[in-house]
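Trainee:
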Amino acid sequence: MRNSLHLAPSGEPVLAVDLEAEADLNRCGALRDYWYVACRSPELTTKKPLARTILGLNLVLFRDEQGKPTALRDRCLHRNARLSAGATFDGKLGCPYHGWVYDAAGNVVEVPSLGPSQRGEVLDERVHVRSGLTVEPCELGRLQRFETREQDGLIYVFMGEDVWKARAEPFRVPYWGHPDWTVYFMVTRFPNGVTNLVENFMDVPHTVFVHSKWFRNRARKRVPATVKRSGGSVLVTYKQDQDAVSGMGRIFNPSGLPMFHTDHYFVPNITRVDYMWGEHGFVINSQVTPVGPTDSWVYTAISFRLPFELPGRVVGRFMAPIIKWYTTQVILQDVEIMRVQREGLLNGPGGGVFKSTEADLLHADIEAYRRWLREGGQGPGPTDEERDIVFWI
Ligand code: FES
Ligand SMILES: [Fe+2]
Numbered sequence: 001m002r003n004s005l006h007l008a009p010s011g012e013p014v015l016a017v018d019l020e021a022e023a024d025l026n027r028c029g030a031l032r033d034y035w036y037v038a039c040r041s042p043e044l045t046t047k048k049p050l051a052r053t054i055l056g057l058n059l060v061l062f063r064d065e066q067g068k069p070t071a072l073r074d075r076c077l078h079r080n081a082r083l084s085a086g087a088t089f090d091g092k093l094g095c096p097y098h099g100w101v102y103d104a105a106g107n108v109v110e111v112p113s114l115g116p117s118q119r120g121e122v123l124d125e126r127v128h129v130r131s132g133l134t135v136e137p138c139e140l141g142r143l144q145r146f147e148t149r150e151q152d153g154l155i156y157v158f159m160g161e162d163v164w165k166a167r168a169e170p171f172r173v174p175y176w177g178h179p180d181w182t183v184y185f186m187v188t189r190f191p192n193g194v195t196n197l198v199e200n201f202m203d204v205p206h207t208v209f210v211h212s213k214w215f216r217n218r219a220r221k222r223v224p225a226t227v228k229r230s231g232g233s234v235l236v237t238y239k240q241d242q243d244a245v246s247g248m249g250r251i252f253n254p255s256g257l258p259m260f261h262t263d264h265y266f267v268p269n270i271t272r273v274d275y276m277w278g279e280h281g282f283v284i285n286s287q288v289t290p291v292g293p294t295d296s297w298v299y300t301a302i303s304f305r306l307p308f309e310l311p312g313r314v315v316g317r318f319m320a321p322i323i324k325w326y327t328t329q330v331i332l333q334d335v336e337i338m339r340v341q342r343e344g345l346l347n348g349p350g351g352g353v354f355k356s357t358e359a360d361l362l363h364a365d366i367e368a369y370r371r372w373l374r375e376g377g378q379g380p381g382p383t384d385e386e387r388d389i390v391f392w393i
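Counting along the sequence shown from 1, when you hit position 18 you're at 18 in UniProt numbering, and nothing is skipped either side.
1) Using a threshold of 7 Å, is the CB atom of N217 nearer than that to any non-hydrogen atom of ligand 2?
2) Name the two residues that bound the continuous beta strand (DSSP E) containing R222.
3) Between H280, R82 and R167, which has its C-alpha nearest P254's C-alpha?
4) Quick one, which of Y156, A301, V288 and W325 has its alpha-carbon nearest P174's?
5) State the Cα-Cα distance for the pair G278 and M259, rounded to the nearest angstrom.
6) Return yes when at least one heavy atom of ligand 4 lies under 7 Å from the C-beta of Y97, else no.
7) If you measure from the CB of N200, is any heavy atom of ligand 2 nearer than 7 Å?
8) In this structure, how does DSSP classify R342 when only helix, strand and coil are distinguished?
9) Please tell me whether, using a cut-off of 7 Å, the distance from the CB of H206 to the nearest non-hydrogen atom of ligand 2 is below it.
10) Let me confirm a value: V204 is counted as buried when at least 16 other C-beta atoms fall within 10 Å, else exposed. Which label applies?
11) Does the distance from the CB of L19 to the CB of T294 come in under 8 Å?
12) Let me confirm a value: L114 is counted as buried when at least 16 other C-beta atoms fall within 10 Å, else exposed. Which label applies?
13) Just how far apart, CA to CA, sit L83 and K47?
14) Report the residue from Y369, N80 and V109 whose alpha carbon sits nearest the alpha carbon of G91.
15) Looking only at C-alpha atoms, which of P290, I284 and M186 sits nearest to S303?
16) Could you tell me the distance, in whole angstroms, from the CA atom of F190 to the CA atom of T289?
17) Between the Cα of R142 and the Cα atoms of D152, D334, V101 and D124, which residue gives the shortest distance?
18) Mark D384 as exposed unless 16 or more other C-beta atoms lie within 10 angstroms of its C-beta, in which case mark it buried.
19) Pairs of beta-carbons, one from the region 261-268 and one from the region 329-341, closer than 8 Å: are there three or more?
20) Quick one: what's got a C-beta closer than 8 Å to A364's C-beta in the same chain, skipping five residues either side?
21) Within the region 112-142, note down every full alpha helix (DSSP H) run reaching 4 residues or more, in order along the chain.
22) Within the same chain, show all residues whose beta-carbon is closer than 7 Å to that of L25, passing over the 5 residues directly before and after it, in chain order.
23) Helix, strand or coil for E386? Go by DSSP, reduced to three states.
24) Starting from E110, follow the beta strand (DSSP E) in both directions and report where the run begins and ends.
25) For a test of the three-state rule: what should DSSP assign to Q333, helix, strand or coil?
26) Residues in its own chain within less than 7 Å of A225 by CB, not counting five upstream and five downstream?
27) Using the C-alpha atoms, what's the distance from L72 back to N80?
28) Rounded to whole angstroms, what is the Cα-Cα separation between A30 and V17?
29) Could you check which residue in V198, N217 and F209 has the C-alpha nearest to that of V234?
30) Under a three-way DSSP split, which group does N200 fall into?
31) Taking the continuous alpha helix (DSSP H) assigned at V210, which residues delimit it?
32) Looking at the structure shown, is S255 part of a helix, part of a strand, or coil, going by DSSP?
33) By the DSSP assignment, the beta strand (DSSP E) with E150 in it spans what residues?
34) Going by beta-carbon coordinates alone, are L154 and S230 separated by less than 8 Å?
35) Provide the residue span of the beta strand (DSSP E) that contains Y156, from first to last.
36) Which partner residues of V183 appear in the DSSP bridge assignment?
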């Protein structure tokens, strides 16, 4: 898994998914120049700091005096204790070890052991400096700080060095705030890396095996689709009016309208799956936050609109717990299959070298975009293309 290039027995180079490099802030290339979800808005209070790990780097989040989210490197400048184990007060952060206090910009604003004057009583300045001590607290430096954005009920952190170089804006949650739609979130820890997860969320063939009876049953039918790769997205449009989902999917379509289904990937870590019957349906938006090579948090927003007469949101609020229970069962089936994939992947060399068929074209496109970004994302990147495919489910 370490190298992205393996050699096949024929001597031909084989491209592999390098999950370790993808999840390493210093080796992930342009994959860091995006906004990643750190938490849901209500999870970050003014009462205590929150620990998060993104691209292998530990962050501490807290709210400043105005309530704006702040993200700092979760390592005290003094003796490197994790600041997320400390406390917040007046929009500042106190280290749990010796109580150094940081403001929202990451500056040290108080060193308790220096007393009220904060100047220390330097008895022999020359000796202090020779021993590597900092004489003035203002010269202690400051913690690395990351830009944050709060939007659509989520808190995003920009992991790149310069926010002006962000390659995209934080993703908008579909139908967030729309009067006729209900939106709820599910937050799930998945034992796998971003590439494998976004592939899973875009993947139709697995549904008849992993979610049999719950979501879609095997029907041995032919599914034609168009795969359009352009501008950092992969859009799959399924051209089959008779397609149907089982389980809860039925309540969206009592009058038997044709189903309109698209799967859409957006670089580097986002999928949006739409199932629509006329004006009604549901949209599953998944944003994957890489913690480590095979460890991720997935923020799933389910937006839905039911085909009933009452104002959409009234019915939505009533139905949400039932739909949430159902979608949780389906997600847990994916968590389990991702664990099973991980076990195979990590067992010995060669993990991350995948064989693909026509049914995997969209996955090959996702891998092409992510590989290009991991390698720095310079130049035009994968070319825009639109192709027809057929597979069976
Ligand atoms: S390690 Fe943080 S104050 Fe000492
Ligand atoms: Fe699934």
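Glycine residues also receive a C-beta, built at the ideal position from the N, C-alpha and C atoms.
Mentor: Here's the rundown:
1) Indexing the sequence shown from 1 puts residue 217 at position 217. No, Cβ of N217 sits at least 7 Å from all heavy atoms of ligand 2.
2) Residue 222 sits at position 222 when you count from the first residue of the sequence shown. Where R222 is concerned, the enclosing beta strand (DSSP E) stretches over R222 to S230.
3) For the purposes of this step, residue 254 is taken as residue 254 along the sequence shown, with counting starting at 1. Among H280, R82 and R167, the Cα nearest to that of P254 belongs to H280.
4) By one-based count along the sequence shown, residue 174 stands at place 174. It is A301.
5) Translated into the one-based positions of the sequence shown, residue 278 becomes position 278. Translated into the one-based positions of the sequence shown, residue 259 becomes position 259. Approximately 8 Å between the Cα atoms of the pair.
6) Only ligand 1 and ligand 2 can be found as ligands here, which leaves ligand 4 out of the picture.
7) On the sequence shown, position 200 is the one that residue 200 refers to. N200: yes, Cβ under 7 Å from ligand 2.
8) As a working note, residue 342 is residue 342 in the sequence shown. Looking at R342 - three-state DSSP - the assignment turns out to be helix.
9) Indexing the sequence shown from 1 puts residue 206 at position 206. Yes, the beta carbon of H206 sits closer than 7 Å to at least one heavy atom of ligand 2.
10) What you label residue 204 is simply residue 204 of the sequence shown in a count that begins at 1. Counting Cβ neighbours within 10 Å, V204 comes out buried, since at least 16 surround it.
11) Position 19 of the sequence shown, counted from the first residue, corresponds to residue 19. Position 294 of the sequence shown, counted from the first residue, corresponds to residue 294. The Cβ atoms of L19 and T294 sit closer than 8 Å to each other.
12) If you number the sequence shown from 1, residue 114 lands on position 114. L114 is exposed by the Cβ-count criterion.
13) Counted from its first residue, the sequence shown places residue 83 at position 83. Counted from its first residue, the sequence shown places residue 47 at position 47. Taking the CA atoms as reference points, L83 sits about 14 Å from K47.
14) Here the question's residue 91 lines up with position 91 in the sequence shown. Out of Y369, N80 and V109, V109 has the C-alpha closest to the C-alpha of G91.
15) The residue given as residue 303 occupies position 303 in the sequence shown. Comparing Cα positions, the closest option is I284.
16) Residue mapping note: residue 190 aligns to position 190 of the sequence shown, counting from 1. Residue mapping note: residue 289 aligns to position 289 of the sequence shown, counting from 1. Approximately 10 Å between the Cα atoms of the pair.
17) For the purposes of this step, residue 142 is taken as residue 142 along the sequence shown, with counting starting at 1. Of the candidates D152, D334, V101 and D124, V101 places its Cα closest to the Cα of R142.
18) Translated into positions along the sequence shown, residue 384 becomes position 384. Classification for D384: exposed.
19) No, the region 261-268 is not in contact with the region 329-341.
20) The residue given as residue 364 occupies position 364 in the sequence shown. Excluding residues within five positions, the ones whose Cβ falls inside 8 Å are S356.
21) DSSP runs (the alpha helix (DSSP H)) wholly in the region 112-142: 125-130.
22) For the purposes of this step, residue 25 is taken as residue 25 along the sequence shown, with counting starting at 1. Around L25: R32, L55, G56, L57 and M159.
23) Taking the first residue of the sequence shown as position 1, residue 386 is located at position 386. Looking at E386 - three-state DSSP - the assignment turns out to be strand.
24) Position 110 of the sequence shown, counting from 1, holds the residue named residue 110. E110 -> beta strand (DSSP E) spans V108 to E110.
25) Here residue 333 corresponds to residue number 333 of the sequence shown, with the count starting at 1. When secondary structure is reduced to three states using DSSP, Q333 falls in the helix class.
26) Position 225 of the sequence shown, counted from the start, is the residue given in the question as residue 225. Excluding residues up to 5 positions away in sequence, V236, T237, Y238, K239 and I389 lie with their Cβ nearer than 7 Å to the Cβ of A225 in the same chain.
27) As a first step, residue 80 is located in the sequence shown; it is residue number 80 there, counting from the start. As a first step, residue 72 is located in the sequence shown; it is residue number 72 there, counting from the start. Within the model, the alpha-carbon separation for N80 versus L72 is close to 13 Å.
28) For the purposes of this step, residue 30 is identified with residue 30 of the sequence shown, where counting begins at 1. For the purposes of this step, residue 17 is identified with residue 17 of the sequence shown, where counting begins at 1. Approximately 16 Å, taken between the alpha carbons.
29) Position 234 of the sequence shown, counting from 1, holds the residue named residue 234. Taking the Cα of V234 as reference, the smallest distance to any Cα among V198, N217 and F209 is reached at V198.
30) Within the sequence shown, numbered from 1, the residue matching residue 200 stands at position 200. Helix at N200.
31) For the purposes of this step, residue 210 is taken as the residue at position 210 of the sequence shown. Residues T207 to V210.
32) In the sequence shown, the residue the question calls residue 255 occupies position 255. Coil, per DSSP.
33) As a first step, residue 150 is located in the sequence shown; it is residue number 150 there, counting from the start. For E150, the uninterrupted beta strand (DSSP E) run begins and ends at T148 to Q151, by DSSP.
34) In the sequence shown, residue 154 corresponds to position 154, counting from 1. In the sequence shown, residue 230 corresponds to position 230, counting from 1. Going by C-beta atoms, L154 is not nearer than 8 Å to S230.
35) Counted from its first residue, the sequence shown places residue 156 at position 156. Annotation for Y156: the continuous beta strand (DSSP E) segment containing it runs L154 to F158.
36) The residue you call residue 183 lines up with position 183 of the sequence shown. Partner(s): S303.
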